[in-house]
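The opening residue of the sequence shown carries number 681 in the numbering used here; numbering runs sequentially from there. A quick write-up on the structure given underneath.
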Amino acid sequence: MHFVAGGAFNGKSAWVKERYSIGQHSSWMWVSAYREDKIPSPDHLSVMPDIVILQGIEVWLRKMLDDVSEVQPAREKWRGILHEWKQWEADERTVIFIGNDITKGIVPIDEMDRKHRDLCGWCFQDTVLASDKADQIWYGIPTKLK
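Here is the structure:
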């Protein structure tokens with residue numbers, strides 16, 4: 681499991697494509713919350729690629745929060761998703777999570793926006809903990825975290 685985080689439009693996707701030779705690799709799947717894709721369960725994949733990239737986890741986290749209204753149940757759901765994908769990887773496969781770090785800067789005034797910011801911070805920590813590798817990309821420059 682590999683987690684890649686950083687600012688919006690800071691080169692995360694391009695870095696992942698280059699790092700994993702996406703386009704040259706024959707067996708991969710890119711799922712993006714920015715295209716309104718739903719986060720898939722590894723048990724329900726119609727194809728079984730070697731690499732799955734899940735982009736926009738902060739968007740999926742907001743959807744989970746909107747569905748349950750509270751941070752803790754949404755975080756538990758996220759931990760369940762991480763567990764499913766960790767098990768999927770046991771068969772010599774790789775999942776890559778890409779997320780925009782929205783936890784820096786001004787604290788939002790709106791309560792749900794604050795909850796979303798907090799949820800992302802905690803779930804990003806959970807994702808780093810579950811991941812074998814973690815990188816942060818700022819301005820196209822990667823920094824290895826783990």
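Just so it is clear, CB atoms sit at the ideal spot from N, CA and C, and this is done for glycine as well. Note that this is a predicted model, so its numbers are computed, not measured.
**Study point:** Rounded C-alpha distance that separates residue 690 from residue 820
**Key:** Straight across, the Cα-Cα distance linking residue 690 with residue 820 is about 5 angstroms.
Point to revise | Those runs of the alpha helix (DSSP H) which lie wholly inside the segment 691 to 749 and span at least 4 residues | key: Listed in chain order, they are 692 to 699 and 737 to 748.
Check your understanding: residue 783 by DSSP, collapsed to three states: which one?
Key -> Assignment of residue 783 by DSSP, reduced to helix, strand and coil, places it in the coil class.
Review point. Taking just the CA atoms, how far does residue 750 sit from residue 729?
Key: Using only the alpha carbons, I get a separation of about 34 angstroms.
Exercise for review: Kindly indicate which residue of 765, 739 and 768 has the alpha-carbon position closest to the one of residue 754.
Suggested key: Out of 765, 739 and 768, 739 has the C-alpha closest to the C-alpha of residue 754.
Check your understanding: beta strand (DSSP E) containing residue 815: first to last residue?
Key -> If you look at residue 815, you'll find it in the beta strand (DSSP E) that goes 813 to 818.
Point to revise | Spatially closest choice to residue 761 from 789, 806 and 773, by CA coordinates | key: The option with the nearest alpha carbon to residue 761 is 806.
Check your understanding: So which of 727, 804, 758 and 795 has the shortest CA-CA distance to residue 706?
Key -> Ranked by Cα distance from residue 706, the options 727, 804, 758 and 795 are led by 727.
Check your understanding: Starting from residue 754 and walking both ways along the beta strand (DSSP E), at which residues does that stretch end?
Key -> Unbroken run through residue 754 is the alpha helix (DSSP H), 751 to 769; no beta strand (DSSP E).
Check your understanding: What does residue 789 pair with, by DSSP beta-bridge criteria?
Key -> According to DSSP, residue 789 bridges with nothing at all.
Review point. Roughly how many angstroms separate the alpha carbons of residue 721 and residue 711, rounded to a whole number?
Key: Each residue's Cα considered, the two are about 11 angstroms apart.
Check your understanding: With 16 as the cutoff for other CB atoms within 10 Å, does residue 794 come out buried or exposed?
Key -> Exposed, since its Cβ has fewer than 16 Cβ neighbours within 10 Å.
**Study point:** residue 686, enclosing beta strand (DSSP E) - first and last residue
**Key:** Where residue 686 is concerned, the enclosing beta strand (DSSP E) stretches over 682 to 686.
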